[in-house]
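Residue numbers (this note's numbering): 227 to 352.
Here it is in structure tokens:
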């Protein structure tokens, strides 16, 4: 996989994907931390960001990176969710990786979730 494999799905699919894959994770983390579950999300492809969803004064900032999979009709996804403000616990966010069938965002299956502490900014696809 290379940067050239990155793409941004159409807006409707992207919003459906975020609702299916991200919203439940943000809600759980927000409840645990006592913060709001609002977020702004950006799709990231080939070194550029595109604003997808913006909520004024969001508690979370999310970067979604989509890549073509070796399996036709399937996409790989890395979601990085960061708290907009530092949390007293040092928790800064999480990275969720997985895949879904193109055209069916509700088929997302997470392969891994990594909680992050005391980190700033977004990391490259790893």
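Every residue gets a Cβ at the ideal spot worked out from N, C-alpha and C, and that includes glycine. Note that the coordinates shown come from a computational prediction; the quantities given were computed from them, not determined experimentally.
Residue i, DSSP secondary structure in three states
i           : result
residue 262 : coil
residue 271 : strand
residue 305 : strand
residue 345 : coil
residue 230 : helix
residue 409 : No information on residue 409 is available, as it lies outside the stretch 227 to 352 that the chain covers here.
residue 201 : There is simply no residue 201 to check, as the chain begins at 227 and stops at 352 in what is shown.
Close Cβ partners of residue i (< 7 Å) along its chain, the five nearest in sequence each way excluded
i           : result
residue 289 : 268, 270, 306, 348
residue 246 : 331, 332, 334
Residues that residue i bridges to, as DSSP identifies them
i           : result
residue 239 : Bridge partners of residue 239: none, in fact.
residue 256 : DSSP output for residue 256 lists no bridge partner at all.
residue 338 : 323
residue 294 : 301
Other residues of its chain near residue i: CB distance less than 6 Å, five sequence neighbours each side excluded
i           : result
residue 227 : Unreliable placement is indicated for residue 227, whose pLDDT of 47 sits below 50; the coordinate value is still reported in the next sentence. Hits under 6 Å: 293.
residue 341 : 320
From the options, residue whose alpha carbon lies closest to that of residue i
i           : options            : result
residue 284 : 236, 262, 242, 246 : 262
residue 279 : 273, 265, 302      : 265
residue 244 : 303, 309, 255, 315 : 303
Proximity below 8 Å, CB of residue i to CB of residue j
i           : j           : result
residue 234 : residue 276 : yes
residue 327 : residue 333 : yes
residue 295 : residue 325 : yes
residue 205 : residue 239 : This structure does not reach residue 205, given that the chain is present from 227 up to 352, and the question cannot be answered.
residue 308 : residue 315 : no
Sequence-distant residues of its chain with Cβ nearer than 8 Å to residue i (five each side left out)
i           : result
residue 300 : 325, 326, 327, 328
residue 259 : 309, 313, 315, 317
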